[in-house]
């Protein structure tokens, strides 16, 4: 059992500090809510946290289908246990079948659905479990599952758009590397034999290309080792918290792709907040959950700073106007939503706008990058061809 310090808000708005014992942070939050308080901050202080079943993971597409089918079954009046039993059968992802059956057994053992799902964070993240909990509390689980299904479908669509924008440039660069390597390994040596027979010194550009060619042919293992070692090192750096933080900061400010990354993160943030608020989750808790699912550390930090301001009693739009990562239009629309009491609807409209903007940005980025990459590939091959023919031009001039 672990001990957690918490800060929570009562129904009357009073802020309370205290401590609570629970198996993990999720259970601590559930216990705090059971006392009719909204958890604002929960921090582990001592004891042992129960390890969760993190090994099981499923693709977002499979979870999206699972959620849609779960919502349909519950909406049809089929009990949760029977719905999970049906979802644990048939032809679907084996990990998801296993999880569905384990969740069903936990519910039969007396656990609530959200608590049973929280044991599998690799499948049901914090957003998912919190929404399910809100649905159980309000008695609108079918509606919550429908919202979750729509949210997952929209998130999957944005991911595909961003990946689609990055796939084409990656493919062009990959083909460029293969073509240039083929020229250096198979074609340059034939020209080198021709140049050697003349006994003439090679031009500087040609000699440089020949040196690179010889290096690739005779010390290919160094190149492969360097690529593999560099790739491993980059992976280790990017998987570390500090590396992820630096990558997120670089991406959101990078030329060409920075605007796309920012819009995609803002769209995801607003869609998450819209889903949470419309499901009855408190603003402070919604901000904390949305920050963890925004997909970018810069947006996450902006939301966490805004959450502290909301806890202090200030409107959400006020701190957001000072965040450079949050577009000014977003803060203005949130201010309107706060004044009219329609924040969930306003966040939904912002998400709709930026999701459409991401789609247009992907198309624009693809159409802009394509000619740039073709110029790069053509220029690289032109340099190689020029290097190969410079000695020939020199021999022709000498013969004349």
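Numbering (my numbering), first residue to last: 111 to 510. Don't be surprised by glycine CBs; every beta carbon is placed ideally from N, CA and C.
Taking the alpha carbon of residue i as the point to measure from, which residue in the options has its own alpha carbon closest?
{"i": "residue 380", "options": "367, 409 and 356", "result": "409"}
{"i": "residue 488", "options": "127, 265 and 290", "result": "290"}
{"i": "residue 465", "options": "148, 288, 316 and 382", "result": "382"}
{"i": "residue 420", "options": "231, 193 and 392", "result": "392"}
{"i": "residue 146", "options": "264, 244, 286 and 267", "result": "244"}
{"i": "residue 405", "options": "418, 431, 347 and 378", "result": "378"}
{"i": "residue 303", "options": "470, 151 and 320", "result": "320"}
{"i": "residue 473", "options": "206, 279 and 171", "result": "279"}
{"i": "residue 350", "options": "230, 151 and 407", "result": "407"}
{"i": "residue 300", "options": "339, 450, 220 and 323", "result": "323"}
{"i": "residue 479", "options": "277, 186 and 268", "result": "277"}
{"i": "residue 186", "options": "217, 232 and 253", "result": "253"}
Mind checking whether residue i and residue j have CB atoms under 9 Å apart?
{"i": "residue 357", "j": "residue 475", "result": "no"}
{"i": "residue 211", "j": "residue 168", "result": "no"}
{"i": "residue 226", "j": "residue 240", "result": "no"}
{"i": "residue 373", "j": "residue 467", "result": "yes"}
{"i": "residue 236", "j": "residue 399", "result": "yes"}
{"i": "residue 458", "j": "residue 388", "result": "yes"}
{"i": "residue 485", "j": "residue 385", "result": "no"}
{"i": "residue 353", "j": "residue 362", "result": "no"}
{"i": "residue 426", "j": "residue 455", "result": "no"}
{"i": "residue 395", "j": "residue 150", "result": "yes"}
{"i": "residue 375", "j": "residue 262", "result": "no"}
{"i": "residue 258", "j": "residue 238", "result": "yes"}
{"i": "residue 490", "j": "residue 286", "result": "yes"}
{"i": "residue 483", "j": "residue 288", "result": "no"}
Apart from the five residues on each side of it in sequence, which residues of its chain come closer than 8 Å, Cβ to Cβ, to residue i?
{"i": "residue 129", "result": "113, 114, 115, 116 and 155"}
{"i": "residue 415", "result": "429 and 433"}
{"i": "residue 496", "result": "315"}
Please classify residue i: is it buried, with 16 or more other beta-carbons within 10 angstroms of its beta-carbon, or exposed?
{"i": "residue 153", "result": "exposed"}
{"i": "residue 124", "result": "exposed"}
{"i": "residue 442", "result": "exposed"}
{"i": "residue 298", "result": "buried"}
{"i": "residue 270", "result": "exposed"}
{"i": "residue 436", "result": "buried"}
{"i": "residue 265", "result": "buried"}
{"i": "residue 164", "result": "Reliability of the predicted coordinates at residue 164 is poor, the pLDDT of 46 falling under 50, and no value is obtained from them."}
{"i": "residue 413", "result": "buried"}
{"i": "residue 347", "result": "exposed"}
{"i": "residue 111", "result": "exposed"}
{"i": "residue 498", "result": "buried"}
Just to check my reading of the structure: residue i and residue j have Cβ atoms closer than 8 Å, yes? What is that Cβ distance to the nearest angstrom?
{"i": "residue 222", "j": "residue 246", "result": "6 Å"}
{"i": "residue 132", "j": "residue 126", "result": "Residue 132 to residue 126, Cβ: 17 Å. No contact."}
{"i": "residue 242", "j": "residue 214", "result": "The Cβ separation is near 14 Å, so there is no contact."}
{"i": "residue 255", "j": "residue 177", "result": "6 Å"}
{"i": "residue 481", "j": "residue 305", "result": "No, residue 481 and residue 305 are not in contact; Cβ-Cβ is about 35 Å, not under 8 Å."}
{"i": "residue 318", "j": "residue 326", "result": "Not a contact, Cβ separation roughly 13 Å."}
{"i": "residue 209", "j": "residue 230", "result": "5 Å"}
Apart from the five residues on each side of it in sequence, which residues of its chain come closer than 7 Å, Cβ to Cβ, to residue i?
{"i": "residue 183", "result": "193 and 196"}
{"i": "residue 148", "result": "118, 119, 392, 394 and 395"}
{"i": "residue 139", "result": "149 and 152"}
{"i": "residue 157", "result": "111, 112 and 113"}
Whose C-beta lies closer than 6 Å to the C-beta of residue i among residues of the same chain, with five residues either side of it excluded?
{"i": "residue 188", "result": "none"}
{"i": "residue 122", "result": "none"}
{"i": "residue 234", "result": "227"}
{"i": "residue 371", "result": "361 and 362"}
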